[in-house]
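In what follows, a structure is listed as structure tokens, so that the remarks can point back to it.
Number of protein chains: 2
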Amino acid sequence: MKIPPVKGTRDFYPPDMARRNWIIDGWKKVSVRNGFEEYDGPIFEYLKMFQIKSGDEIVEQLFSLKDRGGRDLAIRPEITPTLARMVNQQINSLPRPIKWFSVPRLCRAERPQRGRFREFFQWNIDIIGVDDVLADAEVIFVACDYLQEAGLTPDDIVVKISSREMLAELLLSIGIAESELEPLYAVLDKRSKLPSDAFEEMLAGQVGDKNKRNKIIELMAVESLEQISDCLQLSEKAKESVEELKRLFELLEIMGVADFCVFDIGIVRGLAYYTGIVFEIYDKATELRAIGGGGRYDDLLKQFGGPAIAATGFGIGDCVLGILLEEKGLLDEQLSSPGPDYFVAFTDKQFFSKAIEIAAKLRRAGVSANFDYKSANLSKQLKQASAQNVKKCIIIGEELKENKLAVKDMTTGKQELVDYDKFLAQCAE
Amino acid sequence: MKIPPVKGTRDFYPPDMARRNWIIDGWKKVSVRNGFEEYDGPIFEYLKMFQIKSGDEIVEQLFSLKDRGGRDLAIRPEITPTLARMVNQQINSLPRPIKWFSVPRLCRAERPQRGRFREFFQWNIDIIGVDDVLADAEVIFVACDYLQEAGLTPDDIVVKISSREMLAELLLSIGIAESELEPLYAVLDKRSKLPSDAFEEMLAGQVGDKNKRNKIIELMAVESLEQISDCLQLSEKAKESVEELKRLFELLEIMGVADFCVFDIGIVRGLAYYTGIVFEIYDKATELRAIGGGGRYDDLLKQFGGPAIAATGFGIGDCVLGILLEEKGLLDEQLSSPGPDYFVAFTDKQFFSKAIEIAAKLRRAGVSANFDYKSANLSKQLKQASAQNVKKCIIIGEELKENKLAVKDMTTGKQELVDYDKFLAQCAE
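Top to bottom, those sequences are chains A and B. Quick note: the first sequence uses the numbering used here, first residue 999, plus one each step. Quick note: the second sequence uses the numbering used here, first residue 999, plus one each step.
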């Protein structure tokens, strides 16, 4: 009877765990150096929490459960509702700007496919309390900072950036009604994922007027910010949005990550709650799903019962990123199992206790050390050590009577006698 | 509308998260230096997985849910079933001994009380494939190694140790039938948690014969291993168990942690699955629930459909441990929010871009840095820096034209001019 893990979930054996840790440790390190503090919430929340932001459609993508009082709960499919809840709870005491990050474990009952599991980890960065586009630039910088840190270059990835506010203004100027915007975003978000005739058919389902449809198709074919300023009649608000995007690109240039970034009017983000700059990160070949994405969401805290506070952030999951890092050879190279620093062996059973004592002392001193459980002969112990990929072996034998230990370098095979007390003192440093 | 977290769960604001990270990072560090490798499984498993080890009673303590195919799942209340599943799946390829650790997030639908939440983190250490008591000693050493590392001493905590095998032999010699042992363990496990008359009443419900009951009460009052050897008629198997316990204490002495450890026949562990050495860790004053516990469970892998392989391990949760560390003043001392290394300020808006550029460069070099989003005047920027507990401020002003930066130490107030390029090169080192 072999019991499998639940469909769409992953077992993390030590080599898988090393890769997961390497990705997550990188996220944490880059978050901290960019001035973000870590937070987390519970793995489940009241079900209604997730409906606030994403509507009732989200329910079928949730793993839902009940508490002992029969209340409806769900395993979190994202952390943003928890963030909004937590910030609102302490809104009067938290100094602003709030720069927080988290690496939640999330679950979604979606169909598993390449780069998509039912359980995954997602890096979240948010700046709350800054309405200036500088915060959006910083958030994009943080993403690029990590991707560079992981070894990726502008040859590998691209951050595609647009503005939801600008798109709204342009669509309004085409004659789309305010109330039609939200469902239209969901359609436009599908554009790059569908063949053009399928997209146009979907668009026709949303926008009845052929003239307007053509204008939308024309608009979505725009390739640069300049083209927008040059070719279209812009409202004041649209002009401001274009200027904001231009300033964003200037800031990304100053921050040294402009090489990663392009304007792409096709970046819409399906969710209703974005209000300004939006972006998505892709592998350059666009062979994979989005690595991550984010943007400005100035209305969300209010929806969760708090005040209206500006906010911007992103989420990057571990699945697609992991595939890309593996494809580029960046994961395996850096993660060959290091093995313990020392293996404490002995030539004769009379030295067994001393071996255990020394191993314990090494560990207490912060040095990793193993020993053999079977009191086998020396050659078997050394074989164990090799199998464990140990760096050095300490061999305890007759020399102990003169207060000496043999230390064997397992890479070079070189062996030397060292003073017992000096050796331990050195390790404790 | 303030939305609370679900009852029994915790929000981790940055100061709480720092404490949680400090505890978990300590667990991980100590695990690695003791030669353990990290693993993890999914947050939920098939419900039946948890019934294999703990029977049907466990079901009401679980948060259970269904997948889209209607299969019964549950959020894991412990990781041992997952460990057994994972090890069995790769039993033929995993080199032994298997020394694994994990820090799972677990959920149990129990009544929340002091030191008990419905969601918590638990450090698990297991050695699989070693039947020698040396592995039990090592496991206990690892627990002590961490507790010492965290700043606790034998004045603060005690590891109470016994043997389930020895207890079984002694109870059999009193005349308890093999089939009565399992329910009796559950009663004996309650002994230290109940007033003596309540315990004796509970015992009477399990053991009808008054004579046997008195012998059990006498047995449970034994205070040392010597007393057992001296006073009781021991079967061969009981003698072996006593010898094994004696060897365990010798090994703990050699390892340098004997000061933490005592023999306590009252340590029974409620669960059916222990087969040998068992232990529990308590605060010395015994004012709190157990900090952790563990023991040998040689039959478990077989129960999960694998071969019979020796195994021993422990679990230590974050809740009771956190209370103890806090009470001893060990948590807060070490965790005052460090704040970023640098805040990059400027004397005049003309230097704003340079400030952003330098902050980005510092971050890329691995140094944490913040800046002001509002381009406020210098004194407001310095105030921001102070509020963020920043160590040093870089002030960019006219001196930049001579390629110089002012660096202000926020603790001493001392300010000095440094060479721009040299400074950046230094940071990048």
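Beta carbons: idealized from backbone N, C-alpha and C, even for Gly.
Same chain only: Cβ atoms within 8 Å of residue i, ignoring 5 sequence neighbours per side
| i | result |
| --- | --- |
| K1210 (chain B) | I1172, G1173 and I1174 |
| K1352 (chain B) | F1344, I1394 and L1398 |
| T1409 (chain B) | K1389 |
| S1198 (chain B) | Sequence check: residue 1198 (chain B) is Glu here, not Ser. Taken in chain order, the residues that qualify are R1211 and I1215. |
| M1200 (chain A) | V1185, K1188 and L1192 |
| L1323 (chain A) | I1021, A1148, G1149, L1150 and L1329 |
CB contact check: residue i to chain B, cutoff 8 Å
| i | result |
| --- | --- |
| R1294 (chain A) | no |
| C1425 (chain A) | no |
| G1033 (chain A) | yes |
| C1105 (chain A) | yes |
| F1010 (chain A) | yes |
| G1196 (chain A) | The residue you asked about is not Gly; residue 1196 (chain A) is Ala in the sequence shown. For A1196 (chain A), the answer is no, since every Cβ of chain B falls outside 8 Å of its Cβ. |
| V1128 (chain A) | yes |
| V1030 (chain A) | yes |
Reduced DSSP secondary structure (H/G/I, E/B, other) of residue i
| i | result |
| --- | --- |
| T1409 (chain B) | coil |
| V1255 (chain B) | coil |
| G1274 (chain B) | coil |
| K1000 (chain B) | coil |
| K1188 (chain B) | coil |
| L1063 (chain A) | strand |
| S1351 (chain A) | helix |
| Q1382 (chain A) | helix |
| Q1424 (chain B) | helix |
| F1302 (chain B) | coil |
| N1368 (chain B) | strand |
| D1143 (chain B) | helix |
| R1245 (chain B) | helix |
| K1026 (chain B) | helix |
| K1390 (chain A) | strand |
| I1172 (chain A) | helix |
| I1056 (chain B) | helix |
| E1285 (chain B) | coil |
Of the residues the options, the one placed nearest residue i, counting alpha carbons only
| i | options | result |
| --- | --- | --- |
| G1292 (chain B) | B:V1157, B:G1127 and B:F1010 | B:V1157 |
| L1287 (chain B) | B:F1197, B:G1113 and B:L1045 | With the sequence shown as reference, residue 1287 (chain B) is identified as Arg, and Leu is not the correct amino acid for it. Ranking the options by Cα distance to R1287 (chain B), first place goes to B:G1113. |
| P1152 (chain A) | A:S1160, A:S1161, A:C1142 and A:I1159 | A:C1142 |
| K1191 (chain A) | A:R1267, A:Y1044, A:L1169 and A:F1099 | A:R1267 |
| N1032 (chain A) | B:I1356, B:M1047, B:V1416 and B:L1380 | B:I1356 |
| V1004 (chain B) | A:I1021, A:R1066 and A:D1009 | A:R1066 |
| P1013 (chain B) | A:M1015, A:L1329 and A:E1035 | A:E1035 |
| S1233 (chain B) | B:I1214, B:A1166 and B:E1285 | B:A1166 |
| E1224 (chain B) | B:L1243, B:G1203 and B:Y1037 | B:L1243 |
| R981 (chain A) | A:T1078, A:Y1271, A:E1058 and A:L1045 | Nothing about residue 981 (chain A) can be read from this structure; chain A reaches only from 999 to 1427. |
| G1304 (chain B) | B:T1007, B:P1181, B:A1219 and B:N1086 | B:N1086 |
| L1376 (chain B) | B:G1364, B:V1365 and B:F1341 | B:F1341 |
| V1255 (chain B) | B:E1136, B:P1075 and B:Y1183 | B:E1136 |
| G1327 (chain B) | B:L1269, B:I1077, B:A1148 and B:D1257 | B:A1148 |
| I1077 (chain A) | A:E1278, A:L1092, A:W1121 and A:I1089 | A:W1121 |
is_contact[residue i, chain A] using C-beta, thresh 8 Å
| i | result |
| --- | --- |
| V1405 (chain B) | no |
| M1408 (chain B) | no |
| G1113 (chain B) | no |
| E1055 (chain B) | no |
| Y1044 (chain B) | yes |
| I1265 (chain B) | no |
| A1383 (chain B) | no |
| T1273 (chain B) | no |
| N1090 (chain B) | no |
| S1062 (chain B) | yes |
| E1036 (chain B) | yes |
Beta-carbon contacts of residue i that lie in its chain and below 7 Å, excluding the five residues immediately before and after
| i | result |
| --- | --- |
| S1227 (chain A) | V1240 |
| E1108 (chain B) | Q1059, R1114 and R1116 |
| F1048 (chain B) | I1056, L1060, A1072, P1075 and P1079 |
Beta-carbon neighbours of residue i, restricted to chain E and to distances below 8 Å
| i | result |
| --- | --- |
| R1362 (chain A) | Absent here is chain E; the protein component of the structure consists of chains A and B. |
Per DSSP, the bridge partner or partners of residue i
| i | result |
| --- | --- |
| E1036 (chain A) | A:F1099 |
| K1158 (chain B) | B:V1260 and B:E1278 |
| Q1111 (chain A) | A:R1114 |
| Q1120 (chain B) | B:G1315 |
Cutoff 6 Å; reference residue i; Cβ partners in own chain excluding five residues on either side
| i | result |
| --- | --- |
| D1129 (chain A) | A1308 |
Residue i beta carbon near the ligand HEM (any heavy atom closer than 7 Å)
| i | result |
| --- | --- |
| A1306 (chain B) | In terms of ligand content, the structure shown is empty, and the ligand HEM therefore cannot be addressed. |
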